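Quick note: the sequence shown, position 190, residue 923 per this note's numbering, numbers continuous. To start, the structure itself, in structure tokens.
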Amino acid sequence: MIHNFLVADMFLPSSLGDVLAEVLSVDPLAVDTADVDGCLEGRDWEALVLGDYAVVQGDLAALLEIQLAEQFRWPPDTAELAGVLSQRLNTVLLWHAEEAIPSAYWIVTPDGVVTRARVEQSEGPDLDYTVAVVEESVPRFPSARVHLLPEIFREERIATPATDAFVAAVDPERVAPAEHPANRAREWLLLWERLVRRMAGDWAPTGRYPLESYVQDLGTRDHLDVRLTTAPAELREPLARAVEELDAVFLAHTVGDRGELLGRSAMSGSAVADGGWWWHRRPVRLPWVRPGETGRP
């Protein structure tokens, strides 16, 4: 098993082996560490634990790869190992999230704060990293913008039974060309359903959702409104049935505010006023607002 981390502050190389032995509960003689840019002669490649590190530039200090031998009895998961190592090394650790997004990382601080981050690597031969965005403030990265990461939410898997029922009714074999009206309607319906299912689940699993993503999702309802009148006759009834179901969920988890919130926060008041009824409502709980904030710009 291999664990890869980005380390915010450089540790003492001579102590790394002892730290890994302590954290992983193994004999220090079963740990072999090395700077991968240095001399690797004499390494014990059969060690139970291999710790390889390399110095990097920018907001971070080092890359750390920890390789556990197959016979390791109780291999920890990456998040568990990161939390303990962060405390023991007294620095912030980052590791790549499970989503297939190059910029998405998890962060853990020595005092146990866990959040997400967007990490950017400069082009070229030098390993130069910038922590550009964090979802919660991390003092170690004062220049990072504090902002929810829309790319994380786009990758979340959400059940969409209304969309599935629509597809089963109009294109059960999934043979319609990409530009067929059934596929175009499905795309907008899918995005609208992902929003309302999030709302119904109180924005699980994190309880958060970016305002910019919410506004984009309302725009998908605009597209559906057009499809309800322009789609071929054989699509309108199943599409209307699905939209009616999802609109009911949206209504149950929003309150009317005449568009005041979105008019202030996301777009001009006149644009909201001219929009469909869904623009004139707001979520019961605003998922882009932290506790203690009001949601006002």
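Beta carbons: idealized from backbone N, C-alpha and C, even for Gly. As the structure is a computational prediction, the values presented were derived from the model and not from experiment.
Q. Would you report the Cα separation of D950 and E926, rounded to the nearest angstrom?
A. Those two C-alpha atoms are separated by around 9 Å.
Q: Between the Cα of L796 and those of W807, W1012, L827, G771, spot the shortest distance and give me the residue it belongs to.
A: Ranking W807, W1012, L827, G771 by Cα distance to L796 puts L827 first.
Q. Which residues mark the beginning and the end of the beta strand (DSSP E) in which F738 is found?
A. Run containing F738: 735-740, per the beta strand (DSSP E) assignment.
(Q) Taking 8 Å as the cut-off, does the stretch 786-802 touch the stretch 761-771 (at least 3 CB pairs, one atom from each stretch)? (A) The stretch 761-771 makes contact with the stretch 786-802: 3 or more CB pairs, one atom from each, lie closer than 8 Å.
Q) Using the C-alpha atoms, what's the distance from E868 back to L881? A) Each residue's Cα considered, the two are about 5 Å apart.
Q. Per DSSP, which one or two residues make a beta bridge with P1016?
A. Under DSSP, the beta-bridge partners assigned to P1016 are T987.
Q.
Which residues does DSSP list as the beta-bridge partners of A901?
A. A901 pairs with nothing; no bridge assigned.
Q: Please name the residue in P1016, G1009, W1010, P843 whose C-alpha comes closest to that of A985.
A: Here the closest residue by C-alpha is P1016.
(Q) Can you give me the C-alpha to C-alpha distance between R846 and L814, rounded to a whole angstrom? (A) According to the sequence shown, residue 846 is Val rather than Arg. Distance between the alpha carbons of V846 and L814: 14 Å.
Q) When the Cβ atoms of the stretch 959-972 are set against those of the stretch 916-923, are three or more pairs found closer than 8 Å? A) With three or more CB-CB distances shorter than 8 Å, the stretch 959-972 counts as touching the stretch 916-923.
Q.
Let me make sure I understand the geometry here. Which of E856, R851, T893 has the alpha-carbon closest to that of R878?
A. Looking only at E856, R851, T893, the smallest Cα-Cα distance to R878 is reached by R851.
**Q.** Length of the line joining the Cα atoms of S998 and L1019
**A.** Looking at the two C-alpha atoms, the distance is approximately 12 Å.
Q | Reference G791; option with closest CA among L968, E912, F874 | A | Out of L968, E912, F874, F874 has the C-alpha closest to the C-alpha of G791.
Q: Assign S946 to one of two classes, buried (16 or more other C-beta atoms within 10 Å of its C-beta) or exposed (fewer than that).
A: With 16 or more Cβ atoms within 10 Å of its Cβ, S946 is classed as buried.
Q.
I'd like to know whether the C-beta atoms of A787 and D770 end up nearer to each other than 8 Å.
A. Taking 8 Å as the Cβ cut-off, A787 and D770 qualify as a contacting pair.
Q.
Using a Cβ-Cβ cutoff of less than 8 Å, which residues in the same chain neighbour R1023 once the five nearest sequence positions on both sides are dropped?
A. Residues of the same chain with their beta carbon placed closer than 8 Å to that of R1023 are lacking, with the five preceding and five following residues left out of the count.
(Q) Need the endpoints of the alpha helix (DSSP H) that Y786 sits in, please. (A) Judged by DSSP secondary structure, Y786 falls outside any alpha helix (DSSP H) and instead within the beta strand (DSSP E) spanning 782-788.
Q | Separation of E853 from I840, as counted between CA atoms | A | Computed Cα separation, rounded: 14 Å.
Q. Which term fits V908, buried or exposed, when burial requires 16 or more other beta carbons within 10 angstroms of its beta carbon?
A. So V908 ends up on the exposed side.
Q) Where does T962 sit, in a helix, a strand or coil, going by DSSP? A) DSSP places T962 in the helix class (H, G or I) of the three-state scheme.
Q) Quick one: what's D765 bridged to in DSSP? A) In the DSSP output, where bridge partners are listed per residue, D765 has L783.
Q. Tell me which same chain residues have a C-beta within less than 6 Å of the C-beta of W1011, skipping the five on either side of it?
A. A distance below 6 Å between beta-carbons, with the five flanking residues on each side excluded, links W1011 to the following residues of its chain, in chain order: L951, R954.
**Q.** Y838 to A966 span [Cα, whole Å]
**A.** Each residue's Cα considered, the two are about 46 Å apart.
Q. Can you give the beta carbon distance from D904 to A915, rounded, assuming they're within the 8 Å contact cut?
A. Indeed, because the Cβ distance is near 5 Å, the residues count as touching under 8 Å.
Q: Would you kindly report the start and end of the unbroken beta strand (DSSP E) that includes E920?
A: No beta strand (DSSP E) contains E920, which is instead part of the alpha helix (DSSP H) from 914-933.
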